[in-house]
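Chemist:
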Amino acid sequence: MLAMLRPGSVVADLAVEQGGNVEGSVPGETVVTPGGVSIIGHLNVPSRIPVDASQLYARNLVAFLALIIDKDKQLKIDTADEIVKACLLTRDGAVVHPQFVPQAAQAAGA
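Every letter in the sequence shown is one number past the one before it in the numbering used here, and letter 41, counting from 1, is 42.
(1) Have a look at the DSSP bridge pairing and note the partners of VAL12.
(2) Tell me which same chain residues have a C-beta within less than 6 Å of the C-beta of PRO99, skipping the five on either side of it?
(3) Report yes if the CB atom of LEU66 is closer than 7 Å to the CB atom of VAL85, and no otherwise.
(4) Just checking my contact of GLU18 with PRO28 at CB under 8 Å: how many whole Å lie between their CB atoms?
(5) Checking 7 Å against the spacing of the C-beta atoms, do ASP14 and GLY20 come in under that value?
(6) From the DSSP output, in three-state form, read off ALA95 for me.
(7) Quick check on the burial criterion: 16 or more other C-beta atoms within 10 angstroms. Buried or exposed for GLY42?
What follows is the structure, encoded as structure tokens:
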């Protein structure tokens, strides 16, 4: 499988401490195969994940909701805001995001 990967690909062996799932992985080291694939063999992977990852996600979610909810706790979609505009898929029953507009509708609008 490693030989099929492109040079520069990265594989993380999460089970390296128990013998590994990737041939050639070495506990505590990053190994580069002759084909240019890096095999990461970090020890104790859970300790590398931030303890407060869910808190970080929650803060990001609250910050996003602050963009679309006004002081009166009413939904207010500000399409002038770049983040809101990039996340908006539909509005008033119509698909408004360019990546999701059906091809026929794009051709008709052009």
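C-beta: ideal position from N, C-alpha, C; glycine also. Model, not experiment: these values are computed from the prediction.
Modeler: So, from the listed chains and residues:
(1) Within the DSSP secondary-structure output, VAL12 pairs in a beta bridge with ILE40.
(2) By the criterion of a C-beta distance shorter than 6 Å, PRO99 is surrounded by no residue of its chain, once the five residues flanking it on both sides are discounted.
(3) Result no, Cβ atoms of LEU66 and VAL85 do not sit closer than 7 Å.
(4) Indeed, because the Cβ distance is near 6 Å, the residues count as touching under 8 Å.
(5) Against a cut-off of 7 Å, the Cβ pair of GLY20 and ASP14 comes out as no contact.
(6) In this structure, ALA95 counts as strand in the three-state DSSP scheme.
(7) Buried.
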